[in-house]
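Residue numbers (my numbering): 2 to 985. Just so you know, even glycine gets a beta-carbon here, dropped at the ideal spot from N, CA and C. Nothing here was measured: the structure is a model prediction, and the numbers come from that model. Down below is the structure, laid out as structure tokens.
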């Protein structure tokens, strides 16, 4: 029945789409442009025609590759101040790093095309690379300057080089103004907390309920630009500046995120408020003595008594976490050009961004996973605690090691704060001109610098914590041994042996801010020669247009310098550096075969090739590697009549490993996972657990990963080779003259990435070891030798980079535009973009099997991959230059991946989170031209204030936050915006 329901839902969505098209009600703010000249209407006369996906330039050129275009009006309709949010609404994209991710965020924003990863989509600005590949940040793009965004499906390495495996996102900016433009916008979120199911869970645990109605998350964005033509229009200078601010939103303000949800039982029949075993009560797991491996905790009544730990002690870490990060961004820049003569036009640009954001998480802790050494005669412990820890050695100078989980909650302690600062610079300079006889050239230089500085505050320094626990009695006063011997005169003893016994003053001593920083650079030299060989008579005898070619060369160099201070290095960060240099030669040819003939209005072939020679080196170690790669493409378009164009293409693309993947030092980090060998009754058998390193004495006594968060070891691999991608597309574009203003395109895509650079997902490692006892997967467990735990600095899952198996995705994109007059009532326009996903397949390692995440979410599959998604926008353009626009966003339902019969996905069951139902969002916006130079706009997104799905935190993987997927679903509820544009 479930399958029938999903099929029915998909069919309904398709039926609505087809009905809309057949009833002649479709046009475009989001669509594929029917031809390039129409999308370039605002470009200055004489400027080169820019078609994303090719370097060939000529006035009649149309794209051979499927392109989805997002116009500037769509950005205004959405009231978007963050560009990534605009793209994430398109069905081709899956959410990536965004402002709703807090704990673990690096402060950047990225886009993920075809769910193949943000590192496999190439981002451009006006056809040139944006920033260094390992430091892409969509925040860099000022939304108010965007003229349009081109999204090209599939490989484009033959045209642009490495990284364009899933496709290309090209931000076309307004770099030529003659006048003044000012744009200002403000907005906020308004949400009614009426999710009775989640509220009852929160109330049952005795936690504070969010207010029934909240208004928060205010955002402001103001941008100004001024341009001036000079020298009779041969020159132009355009300057711009902008400011954006966003207020933070706490998870405590929303039903769905106010407590850390978890499965209430092993079957997952319900949810309850769980949390972390790092609690303000204090948790202990001795690594020796009479209670070795036993979870103990301080009694809730404040007495210095240890009792067995159970889930009633769990700490709710959710309320202080950010659901929307605070953010402050400044942008500025300039574009200039001057035509000295037709053969020589100089041009250049400067772009700058400074972004400052904070992420915030629950107060720090002495986290379980780090063993601390306690003296058996510590004056801070009671006699019973000394005996429970040390047995017969209680009260002596002997010591015992134990894991401690003690949250610095209450008593004036502060939440952890991550101060994230980015400062980006981008310079371009070039010389271009017309050489005559149909030839032109372009010599370009691009330089970008990304400065990243992070300060992590209010975090426990474990070195200080160990000093504060190593306490003796001096004249009846608990005193740090480091004070006595002079090692650390500032040391303050900490009382972790009593519920809520640690004071704010004690916590202040434990805090040590850590600092890390990175400097990324990119330098590009590019020369291309464009030629129309038709001027020399080189053309097909059946075509009017001649053969067009592009020849060129490019040199790129990227560098990274990453530094970590002593405190950060204690937490696992290490200094790193690297350099990638590549020399390339490329060419492209366009051959019109047939033109203006019966059944052959046009038949055109296009081909391209690029040779790349890479040299990688690390200055600090002297290590390096070299490799070469060829990429190529072939495309054909056939228009039997002017109204119908058929197209097909094949692209071989690559993605060379970036500096982090090659040279990144190995370190330990957190991952969402569960240890199958933990607890008194482990889910895995003793034989399986023995394969992961569990001893017979440890079995049944291993502490579970706190909050379903285990540890994994990540890092670089110098032996990496480039990924290879093969993309096939075939489609049709219909623009019938009999129905004016109608365009329809349908394109099939198939992308396969071989030898993809990645890691073996820790969740997959766990599930495969348990299900198959495969020694490869079980051998990736590195357990703490003393406790057997799978978290902390000595217990983790190995997950370093390597060339793995393949990724494969395919599907069908449908875009449709239609506009028509409605008499004296103005015009009605509709546009629709939809994607049907045929497959989302992964092979983690060559020859070891595959799994398909189509229609699934959670655990190994990560964020939802609906079978069908679409955006349908209806816009009424009323007389008097006023508009009213309604958008319908549809995301098909998905199933929990662990319920699959595929052994790669099978795992922890759930009843309550077995499915995420289909979601429908409606957004309404409007604008009115008050005067010729002043336009006012306003809108409401998520008009019906629909809640995001509430999901157990342990199910979420990358980019999950607040018990949901905030980049996929609207996390804050209804959002309201209003703004104005002034043009002179």
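8 Å contact criterion, which residue i and residue j should meet: CB distance rounded
{"i": "residue 250", "j": "residue 218", "result": "5 Å"}
{"i": "residue 926", "j": "residue 908", "result": "In fact, because the Cβ distance is near 42 Å, the residues do not count as touching under 8 Å."}
{"i": "residue 668", "j": "residue 574", "result": "6 Å"}
{"i": "residue 310", "j": "residue 279", "result": "No, residue 310 and residue 279 are not in contact; Cβ-Cβ is about 11 Å, not under 8 Å."}
{"i": "residue 870", "j": "residue 897", "result": "Not really, about 19 Å apart at Cβ, beyond 8 Å."}
{"i": "residue 810", "j": "residue 841", "result": "5 Å"}
{"i": "residue 328", "j": "residue 184", "result": "Incorrect: roughly 18 Å between the Cβ atoms, too far for contact."}
{"i": "residue 813", "j": "residue 749", "result": "5 Å"}
Among the options, nearest to residue i - alpha-carbon criterion
{"i": "residue 308", "options": "265, 633, 317, 296", "result": "296"}
{"i": "residue 312", "options": "707, 364, 932, 593", "result": "707"}
{"i": "residue 919", "options": "934, 867, 816, 808", "result": "867"}
{"i": "residue 739", "options": "644, 516, 460", "result": "644"}
{"i": "residue 512", "options": "491, 672, 531", "result": "491"}
{"i": "residue 335", "options": "983, 380, 229, 69", "result": "229"}
{"i": "residue 446", "options": "527, 489, 87", "result": "527"}
{"i": "residue 197", "options": "211, 400, 651, 733", "result": "211"}
{"i": "residue 587", "options": "327, 641, 631", "result": "631"}
{"i": "residue 806", "options": "722, 367, 507, 968", "result": "722"}
{"i": "residue 770", "options": "342, 741, 675, 459", "result": "675"}
{"i": "residue 731", "options": "906, 670, 652", "result": "652"}
{"i": "residue 88", "options": "914, 972, 484, 890", "result": "890"}
{"i": "residue 68", "options": "74, 838, 156", "result": "156"}
{"i": "residue 118", "options": "134, 900, 130", "result": "134"}
Under the three-state DSSP convention, the category residue i falls into
{"i": "residue 146", "result": "helix"}
{"i": "residue 978", "result": "strand"}
{"i": "residue 392", "result": "helix"}
{"i": "residue 496", "result": "coil"}
{"i": "residue 198", "result": "helix"}
{"i": "residue 558", "result": "strand"}
{"i": "residue 865", "result": "coil"}
{"i": "residue 653", "result": "strand"}
{"i": "residue 693", "result": "coil"}
{"i": "residue 314", "result": "helix"}
{"i": "residue 104", "result": "coil"}
{"i": "residue 820", "result": "strand"}
{"i": "residue 945", "result": "coil"}
{"i": "residue 256", "result": "helix"}
{"i": "residue 159", "result": "helix"}
{"i": "residue 807", "result": "strand"}
{"i": "residue 188", "result": "strand"}
{"i": "residue 921", "result": "strand"}
{"i": "residue 325", "result": "strand"}
N-terminal and C-terminal residue of the beta strand (DSSP E) that residue i is part of
{"i": "residue 447", "result": "440-458"}
{"i": "residue 725", "result": "724-735"}
{"i": "residue 661", "result": "No beta strand (DSSP E) holds residue 661; the alpha helix (DSSP H) holding it covers 660-664."}
{"i": "residue 287", "result": "284-287"}
{"i": "residue 598", "result": "577-598"}
{"i": "residue 85", "result": "Where residue 85 is concerned, there is no enclosing beta strand (DSSP E), although the alpha helix (DSSP H) it sits in stretches over 84-89."}
Bounding residues of the alpha helix (DSSP H) (the contiguous stretch that carries residue i)
{"i": "residue 766", "result": "763-773"}
{"i": "residue 779", "result": "776-779"}
{"i": "residue 571", "result": "567-571"}
{"i": "residue 463", "result": "463-470"}
{"i": "residue 508", "result": "505-511"}
{"i": "residue 891", "result": "Premise fails: residue 891 lies in the beta strand (DSSP E), 883-892, not in any alpha helix (DSSP H)."}
{"i": "residue 787", "result": "Where residue 787 is concerned, there is no enclosing alpha helix (DSSP H), given that its DSSP letter is neither H nor E."}
{"i": "residue 244", "result": "First-last for residue 244: 236-247, but that is the beta strand (DSSP E), not the alpha helix (DSSP H)."}
{"i": "residue 482", "result": "482-485"}
Chain D contact for residue i (CB, 8 Å cutoff)
{"i": "residue 436", "result": "Chain labels in this structure do not include chain D; a single protein chain is all it has."}
Pairs of beta-carbons, one from the stretch 396-414 and one from the stretch 364-384, closer than 8 Å: are there three or more?
The stretch 396-414, when compared against the stretch 364-384, does touch it at the 8 Å Cβ threshold.
Between the stretch 685-698 and the stretch 706-723, can you find at least three pairs of beta-carbon atoms closer than 8 Å?
no
I'd like to know if the stretch 450-464 and the stretch 563-583 are in contact, where contact means that at least 3 CB-CB pairs between them fall below 8 Å.
yes
Could you say if the stretch 650-660 and the stretch 158-169 meet the contact criterion of at least three C-beta pairs nearer than 8 Å?
yes
Evaluate contact between the stretch 106-115 and the stretch 356-369, counting only Cβ atoms and requiring at least three cross-stretch pairs below 8 Å.
The stretch 106-115 vs the stretch 356-369: in contact.
Would the stretch 552-568 count as touching the stretch 518-525 if we require 3 or more Cβ pairs under 8 Å?
yes
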